[in-house]
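Just so you know, we're using my numbering here: the sequence shown kicks off at 1 and counts up by one. Positions of the beta carbon are idealized from the N, C-alpha and C atoms, including for glycine.
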Amino acid sequence: MQNSRQNPLRTVDLAAMRDEAFQAAVASESGQLLASCYQCGNCTAGCAYTHDYDIPVHQVMRLVQLGHRERALSCRSIWLCATCQACTTRCPNNIDVARVMDVLRHMARRAGHAPEPTVKTFTDGFLASVARHGRVFEAGLAAVFAIKSGKPLQDAGLGPAMLSRGKLAFLPHEPEGQGKAEVAAIFERFYARKKQGGGE
Ligand code: SF4
Ligand code: SF4
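Following this line, the structure appears as structure tokens:
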């Protein structure tokens, strides 16, 4: 086995690890000047979810700068991000950091990464509900999520309180007039674009 005496420099070849196509794709899809990040850490300081992240948001930005595709796309942080935009508003270089996190999440989906499967299950269920009803049907979404997440009783205790306060309806409240059709048309355009290779 090689030790520090045999390999005194113990260097990491960053250039060899760089995926330039990945760097270019993130820059293109996000529209952000990623090189302008100077790692001040302001984004992480304002992120309410840092305590749950496996990689703080400023380090995610660094991974993108370095072109470390696999580490960036397989981290949990991009799935736990709430898109609150606190990072974006705090960035002194006007980088839309939340947009970068969003782009990474889409790329991770396309690459088959889902380190937080319940987040993906919830997101998929939410979008399916909006596509079907024109707006989210909370009770239906809760039922689908409970079944698909494999935790049918996890949030069951919240049901009675939400029902008594009128926060949950047994039937969907679909938009009036053309609203439902307009929402459906948005999803149709999206699926048509995806079919042509436009991604998610
Ligand atoms: S958008 Fe995401 S990364 Fe940025 S502060 Fe909010 S939760 Fe954190
Ligand atoms: S706040 Fe902006 S410049 Fe500072 S680390 Fe985050 S992305 Fe980089």
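Query - Three-state class that DSSP yields for residue 74 in the structure shown - result: As a first step, residue 74 must be located in the sequence shown, where it is residue number 74. Three-state DSSP puts residue 74 in coil, outside helix and strand.
Report task. Just the C-alpha distance for residue 158 and residue 30, rounded to the nearest angstrom, thanks. Result -> By one-based count along the sequence shown, residue 158 stands at place 158. By one-based count along the sequence shown, residue 30 stands at place 30. Their Cα atoms are separated by approximately 38 Å.
Query - Segment contact, 8 Å Cβ cut-off, at least three pairs: the region 75–91 with the region 39–55 - result: yes
Query raised in the report: Between residue 78 and residue 102, what straight-line distance do the alpha-carbon atoms span, to the nearest angstrom?
Result: Translated into the one-based positions of the sequence shown, residue 78 becomes position 78. Translated into the one-based positions of the sequence shown, residue 102 becomes position 102. Approximately 7 Å, taken between the alpha carbons.
Query raised in the report: residue 18 by DSSP, collapsed to three states: which one?
Result: Translated into the one-based positions of the sequence shown, residue 18 becomes position 18. Coil, per DSSP.
**Report entry** Closer than 8 Å: residue 101 CB and nearest ligand 2 heavy atom
**Finding:** Mapped onto the sequence shown, residue 101 falls at position 101. Residue 101 Cβ: outside cutoff for every heavy atom of ligand 2.
Requested in this report: Can you give me the Cβ contacts of residue 138 inside the same chain, cut-off strictly under 6 Å, excluding the 5 residues immediately before and after it?
Outcome: For the purposes of this step, residue 138 is identified with residue 138 of the sequence shown, where counting begins at 1. Excluding sequence neighbours, residue 138 sits near 168.
Report task. Return the Cβ separation of residue 111 and residue 80 in integer angstroms, given the expectation that the two are a contact with Cβ distance under 8 Å. Result -> Against the sequence shown, residue 111 aligns to sequence position 111. Against the sequence shown, residue 80 aligns to sequence position 80. Incorrect: roughly 18 Å between the Cβ atoms, too far for contact.
Query raised in the report: Taking DSSP as the reference, what is the three-state secondary structure of residue 149?
Result: Start at 1 with the first residue of the sequence shown, and residue 149 comes out as number 149. Of the three classes helix, strand and coil, the one that applies to residue 149 here is coil, per DSSP.
Query - C-beta contact flag for residue 133 and residue 172 at 9 Å - result: Within the sequence shown, residue 133 is the residue found at index 133, counting from 1. Within the sequence shown, residue 172 is the residue found at index 172, counting from 1. Closer than 9 Å, so yes.
Requested in this report: Starting from residue 170, trace the alpha helix (DSSP H) both ways and give me its first and last residue.
Outcome: Residue 170 sits at position 170 when you count from the first residue of the sequence shown. First-last for residue 170: undefined, no H or E at that position.
Query raised in the report: Between 42, 9, 194 and 33, which lies nearest to residue 58 when the distance is taken from Cα to Cα?
Result: Residue numbering aside, residue 58 sits at position 58 when the sequence shown is read from its first letter. Checked all of 42, 9, 194 and 33; the closest Cα to residue 58 is 42.
Query raised in the report: Are the C-beta of residue 40 and some C-beta of chain D separated by less than 9 Å?
Result: Protein chain content of the structure displayed is limited to a single chain, and chain D is not contained in it.
**Report entry** Nearest residue (CA-CA) to residue 206, options 50, 33, 26 and 123
**Finding:** There is simply no residue 206 to check, as the chain begins at 1 and stops at 200 in what is shown.
Query raised in the report: Are there three or more Cβ pairs, one per stretch, closer than 8 Å when the region 118–135 is compared with the region 183–190?
Result: yes
Requested in this report: Please confirm whether residue 33 and residue 61 have their CB atoms less than 9 Å apart.
Outcome: By 1-based counting over the sequence shown, the position of residue 33 is 33. By 1-based counting over the sequence shown, the position of residue 61 is 61. Cβ atoms of residue 33 and residue 61: not closer than 9 Å.
Report task. Please classify residue 11: does DSSP put it in a helix, a strand, or coil? Result -> Mapped onto the sequence shown, residue 11 falls at position 11. In this structure, residue 11 counts as coil in the three-state DSSP scheme.
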